[in-house]
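Participant:
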Amino acid sequence: MSEPTDLTAAQAARAIAAAELSADELFAAYHARACADRLNCFTWLPDEPAPSASGSSESGTGHTDAVRGVPLAVKDLFCTEGIPSQSGSKILEGYRPPYTATAVQRLQAAGAPLLGKTNQDEFAMGSSNENSAYGPVLNPWDPARVPGGSSGGSAAAVAAGLAPWALGTDTGGSIRQPAALCGIVGLKPTYGAVSRYGMIAFASSLDQAGPLTRDVTDAALMLRQMVGRDRRDATSLDFPGEIALPGAERLDGVRLGVPEELTGEGIEGGVLAAFQAGLAQAEALGATIESVRLPHAPHALSAYYIVAPAECSSNLARFDGVRYGLRVSDGGDLTGMYIDTRHDGFGAEVKRRVMLGTYVLSSGYYDAYYARAQRVRTKIVEDFAAAFAACDLIVTPTAPTIAFELGEKTGDPLAMYLNDFCTVPMSLAGIPAISIPCGLSGSERGLGPGGAGLPVGFQLAGPAFSETRLLDAAYALERAFAFDGSPVRARVGA
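Heads up: the sequence shown is residues 11 to 504, going by the working numbering.
1) Can you find the residues in the same chain that come closer than 8 Å, C-beta to C-beta, to residue 81, ignoring five residues on each side of it along the sequence?
2) Does the beta-carbon of residue 344 have 16 or more other beta-carbons within 10 angstroms, so that it is buried, or is it exposed?
3) Any idea if residue 275 is buried or exposed, counting beta-carbon neighbours within 10 angstroms, 16 or more meaning buried?
4) State yes or no: is the C-beta of residue 485 within less than 8 Å of the C-beta of residue 258?
5) Could you give the distance in angstroms between the alpha-carbon of residue 216 and the alpha-carbon of residue 48?
6) Let's see if you can read the secondary structure: which residues bound the beta strand (DSSP E) around residue 466?
7) Figure out for me which residue from 221, 17, 411, 182 has the closest Cα to the Cα of residue 311.
8) State the DSSP-derived secondary structure class of residue 444, mapped to helix, strand or coil.
9) State the Cα-Cα distance for the pair residue 399 and residue 201, rounded to the nearest angstrom.
10) Can you grab the Cα-Cα spacing for the pair residue 279 / residue 165, in whole Å?
11) Can you have a look at residue 8 and say buried or exposed, based on whether 16 or more other CB atoms are within 10 angstroms of its CB?
12) According to the neighbour-count rule (16 or more other Cβ atoms, all chains shown, within 10 Å of its Cβ), is residue 286 buried or exposed?
13) Roughly how many angstroms lie between the CA atoms of residue 24 and residue 423, to the nearest whole one?
14) Can you give the beta carbon distance from residue 50 to residue 146, rounded, assuming they're within the 8 Å contact cut?
15) Check this for me: beta carbons of residue 394 and residue 441, under 8 Å apart or not?
16) Would you decide whether residue 271 is buried or exposed? Buried here means 16 or more other CB atoms lie within 10 Å of its CB.
17) Would you call the CB atoms of residue 327 and residue 370 closer than 8 Å?
18) Per the DSSP calculation, residue 300 is bridged to which residue(s)?
19) Output the residue ranges of the beta strand (DSSP E) runs that lie fully inside the segment 182-240 and measure 3 residues or longer, sorted by chain position.
20) Please report how far the alpha carbon of residue 198 lies from the alpha carbon of residue 141, in whole angstroms.
21) What runs of the beta strand (DSSP E), each 3 residues or longer, lie entirely inside the segment 120-166?
22) For the putative contact between residue 84 and residue 177, defined by C-beta atoms under 8 Å, what is the C-beta separation to the nearest angstrom?
23) Enumerate, from N- to C-terminal direction, the unbroken beta strand (DSSP E) stretches of 3 or more residues contained entirely within the segment 289-349.
24) I think residue 360 touches residue 351, with their Cβ atoms under 8 Å apart; what is that distance to the nearest whole Å?
25) Might you give, ordered along the chain, the residues of its own chain that have their beta carbon closer than 8 Å to the beta carbon of residue 248, omitting 5 neighbours on each side?
26) Please report the straight-line C-alpha distance between residue 72 and residue 221, rounded to a whole angstrom.
27) Helix, strand or coil, according to DSSP, for residue 488 in the structure here?
28) May I have the straight-line CA-CA distance separating residue 388 from residue 397, to the nearest angstrom?
29) Quick check on this structure: which residue in 208, 167, 205, 210 has the alpha carbon closest to the alpha carbon of residue 194?
30) Please state whether the Cβ-Cβ distance between residue 435 and residue 307 is less than 8 Å.
31) Do residue 268 and residue 403 have their CB atoms nearer than 8 Å?
32) What residue does the beta strand (DSSP E) around residue 406 start on, and which one ends it?
33) Are at least three pairs of beta-carbons, each pair with one atom in the segment 224-232 and one in the segment 182-192, less than 8 Å apart?
34) Express the C-alpha separation of residue 446 and residue 157 in angstroms, rounding to a whole number.
35) Take residue 246 as the anchor and find which of 214, 223, 255, 277 has the nearest alpha-carbon.
36) Can you give me the C-alpha to C-alpha distance between residue 415 and residue 465, rounded to a whole angstrom?
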């Protein structure tokens, strides 16, 4: 048999269920690779492999042994009882919560043991994973480049073969963009499909948990354990029907809409070429390609960077040095303690967004900025509804560029924010979207090691709760694209 870490999560689960592979052997193999991590993917790992066959014999969604024994990497912002949950921030350094997030709890109940906690941009604010208080994550395709963010640690760990799959969060593209830059699959579910309970919040009306995996089948397998209403999260919803494992081989009759607003100016030449090649392969599978309009999509980024900072300024007010986390005090008054704690505990990007959010919510500016951004958000929702009347799924490049070099954009926040140009509209609309790797680009930005090129992501989006259809289409395209990331996993894990 091949090495246990060569298996996808679905293959490993089947091997464990058939007694062809020991769950403890699989955990030990991944633990050894994770402990040798040279990419800074993890913020916490257990000191030694623990017995991995945990959880009840049946998951909360009724899929017996579906993920049993397959180790799970979890983004640092998910609370995990008794285990550091720091959200990439110094202000929560060493914080060990007394409870576990629902999404993690459900996967553990299905039998997926916790492999480790993954690095991220501080409080999920970033597109490169350079904003972490615990250092930047490196891209396994080229360690001189970023993995994307904010779920960069999760994406890089899966791409490098340090974890079979990982849990991330997506507020404006933080699952899909790092998935694209690292050459793996990343799925943002419909808003409300997965409970946010136990997620350290960034922007509450946008945050959503989702899987980062090697292939589409694993994404479906992981997601079906996570969805469903949670009484502890008032925004969570009962998922209609069941998420079926994908199996479509063709796209006959599927109408793919290509919005000109997200597939033209601003998309790097090599990325656009790979995306267009992907469209040609979709046509060969029987899909019809149609032009659709999302007229307000170019304004999505501006609206997002008003709405999200406004919500973050409210959410992060709880970090005051009083109840948990860092406290910095020189014996002065309470206000001084607040100021000193936040000055030392928050990084530069978090401070920037808190200040922006406080400003747009302040008296005299609320209507001019926040209220107007929410009206734009409504228009974007209406645009998607109109587009889906003319097509089944919308397709775009996931990110406008391939992975860029470390430090290249840290001095220019606007250039960094533009990495979310293609992903933010779906987040504002609350609809599901998935990124799958469609090829390599050696564009004008340079090649990866050995001149092989760097990954390009192909994004598919559908109406609310269309995850099964989305996964089926992504599965058919994945087979046609035949993207292979195994050489990178072998090289990094050597």
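Note that the Cβ used here is the ideal one computed from N, Cα and C, for glycine as well.
Facilitator: In terms of the structure at hand:
1) On the sequence shown, residue 81 is found 71 positions in, with the first residue counted as 1. So the list reads 36, 37, 40, 41, 62, 122, 123, 124, 125, 173, 174, once near-sequence residues are dropped.
2) Numbered from 1 along the sequence shown, position 334 holds the residue referred to as residue 344. By the 10 Å Cβ count, residue 344 comes out exposed.
3) In the sequence shown, the residue the question calls residue 275 occupies position 265. That one is exposed.
4) One-based indexing of the sequence shown puts residue 485 at position 475. One-based indexing of the sequence shown puts residue 258 at position 248. Yes, Cβ-Cβ distance for residue 485 and residue 258 is below 8 Å.
5) Mapped onto the sequence shown, residue 216 falls at position 206. Mapped onto the sequence shown, residue 48 falls at position 38. So the alpha carbons of these two residues sit roughly 32 Å apart.
6) Your numbering for residue 466 matches position 456 in the sequence shown. Note, residue 466: beta strand (DSSP E), 464-471.
7) Here residue 311 corresponds to residue number 301 of the sequence shown, with the count starting at 1. Of the candidates 221, 17, 411, 182, the one whose C-alpha sits nearest the C-alpha of residue 311 is 182.
8) Mapped onto the sequence shown, residue 444 falls at position 434. Strand, per DSSP.
9) As a working mapping, residue 399 is identified with position 389 in the sequence shown. As a working mapping, residue 201 is identified with position 191 in the sequence shown. Cα-Cα distance, rounded: 20 Å.
10) Sequence index remark: in the sequence shown, residue 279 carries index 269 (1-based). Sequence index remark: in the sequence shown, residue 165 carries index 155 (1-based). Approximately 24 Å between the Cα atoms of the pair.
11) Only positions 11 to 504 of the chain appear in the structure, and residue 8 is not among them; the question remains open.
12) Here residue 286 corresponds to residue number 276 of the sequence shown, with the count starting at 1. By the neighbour-count definition (other C-beta atoms within 10 Å, threshold 16), residue 286 is an exposed residue.
13) Stepping through the sequence shown from its first residue, residue 24 is reached at position 14. Stepping through the sequence shown from its first residue, residue 423 is reached at position 413. When rounded, the distance between both Cα atoms is 45 Å.
14) Sequence index remark: in the sequence shown, residue 50 carries index 40 (1-based). Sequence index remark: in the sequence shown, residue 146 carries index 136 (1-based). Their Cβ separation, rounded to whole angstroms, is 7 Å, which keeps residue 50 and residue 146 in contact under 8 Å.
15) As a position in the sequence shown, residue 394 is number 384, starting the count at 1. As a position in the sequence shown, residue 441 is number 431, starting the count at 1. Taking 8 Å as the Cβ cut-off, residue 394 and residue 441 qualify as a contacting pair.
16) What you label residue 271 is simply residue 261 of the sequence shown in a count that begins at 1. Residue 271 comes out buried.
17) To locate residue 327, count along the sequence shown from 1; it is residue 317. To locate residue 370, count along the sequence shown from 1; it is residue 360. No, these two residues do not count as a Cβ contact at 8 Å.
18) On the sequence shown, residue 300 is found 290 positions in, with the first residue counted as 1. Looking at the DSSP assignment, residue 300 forms a beta bridge with 267.
19) 195-198, 218-223
20) The residue you call residue 198 lines up with position 188 of the sequence shown. The residue you call residue 141 lines up with position 131 of the sequence shown. Distance between the alpha carbons of residue 198 and residue 141: 22 Å.
21) 124-128
22) Position 74 of the sequence shown, counting from 1, holds the residue named residue 84. Position 167 of the sequence shown, counting from 1, holds the residue named residue 177. The pair is a contact, with the Cβ atoms about 5 Å apart (cut-off 8 Å).
23) 298-302
24) Taking the sequence shown and counting its residues from 1, the one referred to as residue 360 is at position 350. Taking the sequence shown and counting its residues from 1, the one referred to as residue 351 is at position 341. About 13 Å separates the Cβ atoms of residue 360 and residue 351, ruling out a contact at the 8 Å cut-off.
25) Here residue 248 corresponds to residue number 238 of the sequence shown, with the count starting at 1. If we look at residue 248 and ignore the five residues flanking it on each side, its Cβ neighbours are 238, 239.
26) Residue 72 sits at position 62 when you count from the first residue of the sequence shown. Residue 221 sits at position 211 when you count from the first residue of the sequence shown. Note that residue 72 scores a pLDDT of 46, beneath 50, so its modelled location is shaky and nothing firm can be said.
27) Against the sequence shown, residue 488 aligns to sequence position 478. It is helical.
28) Position 378 of the sequence shown, counting from 1, holds the residue named residue 388. Position 387 of the sequence shown, counting from 1, holds the residue named residue 397. If you take the alpha carbons of residue 388 and residue 397, they lie about 14 Å apart.
29) For the purposes of this step, residue 194 is identified with residue 184 of the sequence shown, where counting begins at 1. Nearest option by C-alpha distance: 167.
30) Reading the sequence shown from its first residue, position 425 is the one you call residue 435. Reading the sequence shown from its first residue, position 297 is the one you call residue 307. Cβ distance < 8 Å, so residue 435 and residue 307 count as in contact.
31) Within the sequence shown, the letter at position 258 stands for residue 268. Within the sequence shown, the letter at position 393 stands for residue 403. Going by C-beta atoms, residue 268 is not nearer than 8 Å to residue 403.
32) What you label residue 406 is simply residue 396 of the sequence shown in a count that begins at 1. First-last of the beta strand (DSSP E) with residue 406: 403-407.
33) The segment 224-232, when compared against the segment 182-192, does not touch it at the 8 Å Cβ threshold.
34) Here residue 157 corresponds to residue number 147 of the sequence shown, with the count starting at 1. Here residue 446 corresponds to residue number 436 of the sequence shown, with the count starting at 1. Near 15 Å, if we compare the C-alpha coordinates of residue 446 and residue 157.
35) On the sequence shown, residue 246 is found 236 positions in, with the first residue counted as 1. Residue 246 has its Cα closest to that of 214, out of 214, 223, 255, 277.
36) Counting from one through the sequence shown, the residue named residue 415 turns up at place 405. Counting from one through the sequence shown, the residue named residue 465 turns up at place 455. The straight-line gap from Cα to Cα measures roughly 14 Å.
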